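Under the working numbering, the first residue of the sequence shown carries the number 46, and numbering increases by one thereafter. Every residue gets a Cβ at the ideal spot worked out from N, C-alpha and C, and that includes glycine. This structure is a prediction, so every number in the text was calculated from the model and none was measured.
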Amino acid sequence: MGSKSAQKQARSSSRRQQRNKSVRSQVKTNITKAEKLIFTGELKAAQEAVAAAVSSLDKAAEKQMLHANNTARRKSRLLKKLNQALAQPKAKPKAEKAA
């Protein structure tokens with residue numbers, strides 16, 4: 046059973062867990078959408094999706110649902126992917142000569 050304070054802590058922990066789960070899930074969804082747009086080459090839409098993902102990451106970090114360093118790492122990786130996609134020239138594939 047545990048003490049009254051332990052029971053109360055378990056209840057409040059469960060409430061926090063449920064609230065945090067939806068926020069973390071939304072963060073993951075936003076990141077996944079942004080990455081798909083980056084890899085498909087839809088860069089205008091990708092920029093908007095990355096902005097939404099960064100915003101949701103910042104909100105989660107502000108509410109301490111994610112650690113600040115975790116948030117910074119995820120934002121850095123996402124922006125790095127976007128910047129690499131933006132930097133690549135749109136070259137047409139050349140036909141290779143048969144050897």
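Worksheet item: With C-beta atoms as the reference, is LEU82 less than 8 Å away from ALA91?
Response: Position 37 of the sequence shown, counting from 1, holds the residue named residue 82. Position 46 of the sequence shown, counting from 1, holds the residue named residue 91. Taking 8 Å as the Cβ cut-off, LEU82 and ALA91 qualify as a contacting pair.
Worksheet item: So, does the CB of GLU107 fall closer than 8 Å to a CB anywhere in chain D?
Response: In the structure shown, chain D cannot be found, because there is only a single protein chain.
Fill in: LYS49, DSSP secondary structure in three states
The sequence position of residue 49 within the sequence shown is 4, counting from 1. Looking at LYS49 - three-state DSSP - the assignment turns out to be helix.
Worksheet item: Can you check whether the CB of ALA106 is closer than 8 Å to the CB of ALA113?
Response: As a first step, residue 113 must be located in the sequence shown, where it is residue number 68. As a first step, residue 106 must be located in the sequence shown, where it is residue number 61. Going by C-beta atoms, ALA113 is nearer than 8 Å to ALA106.
Practice prompt. Output the distance between the C-alpha atoms of ASN75 and SER121, rounded to the nearest integer angstrom.
Written response: Locating residue 75 in the sequence shown gives position 30, where the first residue counts as 1. Locating residue 121 in the sequence shown gives position 76, where the first residue counts as 1. Using only the alpha carbons, I get a separation of about 15 Å.
Worksheet item: Which same chain residues, not among the five before or five after MET110, have their C-beta less than 6 Å away from its C-beta?
Response: Position 65 of the sequence shown, counted from the start, is the residue given in the question as residue 110. So the qualifying residues of the chain are ASN65 and VAL68.
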